[in-house]
Amino acid sequence: MVSPATTERPWTRKDFLGIRGLERWELERLLDTAAAFKEVGTREIKKVPALRGRTLVNFFVEPSTRTRTSFELAAHRLSADVINISATQSSLTKGETLKDTARNLEALLADIIVLRHPSAGASQFLAERLQASVINAGDGAHEHPTQALLDVFTIREKLGRVEGLHVVILGDILFSRVARSNLHLLLALGARVTLCGPSTLVPREFEVLGCTVTHDLDAVLPEADVINLLRVQHERQRKEYFPSLAEYTVLFGLTKQRAARLKPGCLVMHPGPINRGVEIDSEVADGLQSVILEQVTNGLAARMAVLYLCAGAQGVR
Amino acid sequence: MSADLHDTFVLRGGRIIDPASGRDEVGDLFIQDGRVAEQAGAGPRAAEIDCTGLVVSPGLIDIHVHFREPGQSAKETIATGARCAAAGGFTSVVCMPNTQPTVDTPSVVAWILEKAAREACVNVFTTGAITKGLAGEELAPIGSLRRAGVVAITDDGHCIQSAEVMRRALEYARMFDLVTMDHCQDYSLVGKGVMHEGRWSTVLGLPGWPAAGEEVIVQRNALLAELTGAPIHCQHLSAAGSVRILREARARGVPLTGEVCPHHLALTDESLQGFDTNFKMNPPLRSPEHVEALYEGIADGTITILSSDHAPHSPHEKEVEFDQAPFGILGLETEFALFHTLLVRQRAVLDLPRLLALLTVNPARLLGLPRGTLEVGAVADVTLIDPAREWEYDVARSPSLSRNSPFHGWKLTGRAVRTIVAGKTVWAADEDRG
Chain W
3 MVSPATTERP WTRKDFLGIR GLERWELERL LDTAAAFKEV GTREIKKVPA LRGRTLVNFF
63 VEPSTRTRTS FELAAHRLSA DVINISATQS SLTKGETLKD TARNLEALLA DIIVLRHPSA
123 GASQFLAERL QASVINAGDG AHEHPTQALL DVFTIREKLG RVEGLHVVIL GDILFSRVAR
183 SNLHLLLALG ARVTLCGPST LVPREFEVLG CTVTHDLDAV LPEADVINLL RVQHERQRKE
243 YFPSLAEYTV LFGLTKQRAA RLKPGCLVMH PGPINRGVEI DSEVADGLQS VILEQVTNGL
303 AARMAVLYLC AGAQGVR
Chain P
18 MSADLHDTFV LRGGRIIDPA SGRDEVGDLF IQDGRVAEQA GAGPRAAEID CTGLVVSPGL
78 IDIHVHFREP GQSAKETIAT GARCAAAGGF TSVVCMPNTQ PTVDTPSVVA WILEKAAREA
138 CVNVFTTGAI TKGLAGEELA PIGSLRRAGV VAITDDGHCI QSAEVMRRAL EYARMFDLVT
198 MDHCQDYSLV GKGVMHEGRW STVLGLPGWP AAGEEVIVQR NALLAELTGA PIHCQHLSAA
258 GSVRILREAR ARGVPLTGEV CPHHLALTDE SLQGFDTNFK MNPPLRSPEH VEALYEGIAD
318 GTITILSSDH APHSPHEKEV EFDQAPFGIL GLETEFALFH TLLVRQRAVL DLPRLLALLT
378 VNPARLLGLP RGTLEVGAVA DVTLIDPARE WEYDVARSPS LSRNSPFHGW KLTGRAVRTI
438 VAGKTVWAAD EDRG
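Protein chains in written order, with my numbering: chain W, 3 to 319; chain P, 18 to 451.
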């Protein structure tokens, strides 16, 4: 399976902190490796020995079920040992610093630390201080690079390419690490990206990154090859950003009526968890164009690729 | 009279620049009994210091420092902060009141001034709080603070949000000829912001601190200074709109002044890409168009005072997630060299005499400090500067108790080589070698 050809450039990054700053060949290597691992998932025996004897710590300072489970399964399929630690179980609640908690994990000979943290830059902070591989599973509103990988992997798998496609990312962009990582990855691979949502949550500043910002969903809908909906995050939202969920739905909800105006082949994506009836109607979420559950499946392959390449880059310590 | 040999001497052959009197000439400066004298004192032979190639300046003055005592002496003490000042060529500093307890009672003022008299190698002045506990609600006992010796009032680190409270404070402080200094920050606009709101906050996903969060308060201050006739000094300005508002207000004679810190000229928000908390300060590093506006404001005389906002924090406090780290950086040791390198050498928006005015006579006059000049009879606070000296800042050798500088390893041009307070040398460049 994924035995790299001798002509391939060696992977040298021990950490996976974000999409921004990676070179195109690295992004393509990640996607190609994910494809190889997806094939492994179709076999009767789904496990490979690539990370046998390695220990992965899922260190989730912010709650998550989907991403944590996905990393855990990915690690198991690579034969790594897995420990899960959440914020409430960790000594962070006793006033220990992030640095000290992580150094303790490393002292227990963890090889890979998968970090989910509410502060932007937290995974970079750890990576600079630890020998272990640090994988960013979401840091504040900064990046969520494995989510972008699985999203773009899904697009590539379904539509056969990424270059030249028009991808609309819809919703709360300002507070979204998923939007940022997707934006970087899609632009790096030659897609056209439009960000859409309320003007308070989709500031014009994003345009300097090379995308288009619009607040008119109906105008952009018929042109989209992919529409990626973001969760409207009640828990972070304050009332001054938009008046109500009801008004949000009127202006930006992917209703049945709107979905009817999509191109026939347009993919409907969502990183989950979805708010049925808010950003997306139930019928659309469960409809033929929806690839929401395939995203989840592909998340496994994408995360296996990241773990395999980054942990493999270290050699045996 | 018994002449103390140590405070009677001649500074021989330097370029004497005294912006207060307009003097700029090569000559000898005589110091007798700790004061500037007309000529060499009588007696055997006064000691001489050869100042060939050096600038002889009034001792530099920084009206915005945090020396952390009382209450946070792990970060800095009055003694160590004063040594940073001396190493940077500063003979006088003005401390901010956000200590623990805050400087909102005469007893805290007395404690600081007594400790400074005993332990500090430079003149340490202090401000008092405008409001009790810096809470922005009830006035501190401003008259009593004045009697205890504060040289200005400010809630620095905090900003009075109520225009009414600010207005009454201004009116009240006028009775005592006290300048009100203000850290300009509208809390509702800034929220949890930790960096300039713009391109880089968009990329990094860090909460933005918009320029308007400062400008709104500078505009308020312009209106209130006009309404009350009381002077307001806007501290550490960072935004283009602030400079514009200040320029317009000053042109109409409103008693409003502004200061700028070196980091807001030397760095931009792009520096935050690495999430290094030594680049986290309040107000934040801004984008290039704001930095340009600060240069313009200094060049055209809108900005009349320069300061460091020296703000020590312990390594363990800074070595945390970016949004959880405290704001602020060390500044006194690199302050003069940064201003000189940026404003005089690189951008040539000021010549050296004008730069020195912003660091001596201007702050002294604003706060009524009996310092900032080399006229005969003045206290002999003198800084000898080698404007051609190339040097590299090594924060590991700082006299500070903290290490939070973004300028570690920077190569700078121009340096204070000797700092003299009331005729006594309190620091000399060669001392810090080995």
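Quick reminder that beta carbons are idealized off the backbone N, C-alpha and C, glycines included.
Across the set P:P227, P:A397, P:P87, P:C251, the C-alpha of P:A397 shows the shortest separation from the C-alpha of F26 (chain P). Distance from the CA atom of A242 (chain P) to the CA atom of D199 (chain P), rounded to whole angstroms, is 12 Å. Of P:E334, P:A328, P:H357, the smallest CA-CA separation from G345 (chain P) is found for P:A328. Residue-level contact check: T285 (chain P) does not touch chain W, since none of the beta carbons of chain W fall below 7 Å from its beta carbon.
For L100 (chain W), the residues of chain P that pass the 7 Å Cβ criterion are V337, E338, in the order they occur in the chain. A check of alpha carbon separations from L197 (chain W) across W:L189, W:H217, W:G97, W:T44 identifies W:H217 as the nearest. Straight across, the Cα-Cα distance linking V168 (chain P) with G385 (chain P) is about 8 Å.
By the CB criterion at 7 Å, T400 (chain P) and G76 (chain P) fall inside the cutoff. Along the length of the region 257-282 of chain W, whole alpha helix (DSSP H) runs at least 4 residues long occupy 258-261, reported in chain order. In the DSSP assignment, G31 (chain P) falls within the unbroken beta strand (DSSP E) covering 26-35. Distance from the CA atom of S292 (chain W) to the CA atom of L269 (chain W), rounded to whole angstroms, is 6 Å. Among the residues of chain W, none has a CB under 7 Å from the CB of R303 (chain P); the nearest is roughly 14 Å distant. Residue environment for L302 (chain W): buried (at least 16 other C-beta atoms within 10 angstroms of its C-beta). Shown here, Q291 (chain W) sits in coil according to DSSP, grouped into three states, outside any helix or strand.
In this structure, the straight-line span from the alpha carbon of T99 (chain W) to that of V182 (chain P) is close to 39 Å.
Residues of the same chain with a CB within less than 6 Å of the CB of V438 (chain P), apart from the 5 flanking positions on each side, are T108, V139, D398 in chain order. Across the set P:V111, P:A257, P:G145, P:R237, the C-alpha of P:G145 shows the shortest separation from the C-alpha of P118 (chain P).
The CB of L211 (chain W) comes closer than 9 Å to the CB of R216, T219, V220 in chain P, given here in chain order.
Closest in alpha carbon position to F244 (chain W), among W:L223, W:L176, W:E209, W:R263, is W:L176.
Any Cβ of chain W closer than 7 Å to the Cβ of F292 (chain P) would place that residue at the interface, and such an atom is present. The alpha carbon of N86 (chain W) has as its nearest neighbour, out of W:F62, W:V164, W:K258, the alpha carbon of W:F62. Neighbours of H144 (chain W) in chain P, taken as residues at a C-beta separation under 9 Å, are given in chain order as V220, L221, G222, L223, F292.
Per DSSP, G275 (chain P) is not a residue of any alpha helix (DSSP H); the beta strand (DSSP E) it occupies stretches across 273-277. Across the region 111-141 of chain W, CB contacts with chain P closer than 9 Å involve H119, P120, S121, A122, G123, A124, Q126, F127, E130, R131, D141, in sequence order along the chain.
Of all residues in the region 246-275 of chain W, none comes within less than 8 Å of chain P when Cβ atoms are compared.
Interface annotation for the region 201-228 of chain W against chain P: P205, E207, F208, V210, L211, criterion Cβ-Cβ distance under 9 Å.
Residue ranges of uninterrupted beta strand (DSSP E) with 3 or more members, entirely inside the region 113-176 of chain P and ordered along the chain, are 140-143.
For V308 (chain W), the secondary structure class from DSSP, reduced to helix, strand or coil, is helix. The alpha carbon of V116 (chain W) has as its nearest neighbour, out of W:V298, W:K258, W:V59, the alpha carbon of W:V59. Between the region 23-37 of chain W and the region 145-156 of chain W there are three or more C-beta pairs closer than 8 Å, enough to call the two in contact. Shown here is that no member of the region 171-184 of chain P has a Cβ falling below 7 Å from a Cβ of chain W. Beyond the five residues adjoining it in sequence on each side, Q89 (chain P) comes within less than 8 Å, by CB distance, of T116, Q117 in the same chain, given in chain order. Taking P301 (chain P) as the centre and dropping the five residues before and after it, the same chain places the C-beta of M212, H213, W226 closer than 6 Å to its C-beta, in chain order. Look at the region 153-180 of chain W: the residues with a C-beta under 9 Å from a C-beta of chain P are L176, F177, S178, R179. If you keep only unbroken alpha helix (DSSP H) runs of at least 4 residues inside the region 202-284 of chain P, you get 204-207, 216-221, 229-245, 257-268, 280-283.
Excluding residues up to 5 positions away in sequence, L28, I33, V73 lie with their Cβ nearer than 6 Å to the Cβ of L46 (chain P) in the same chain.
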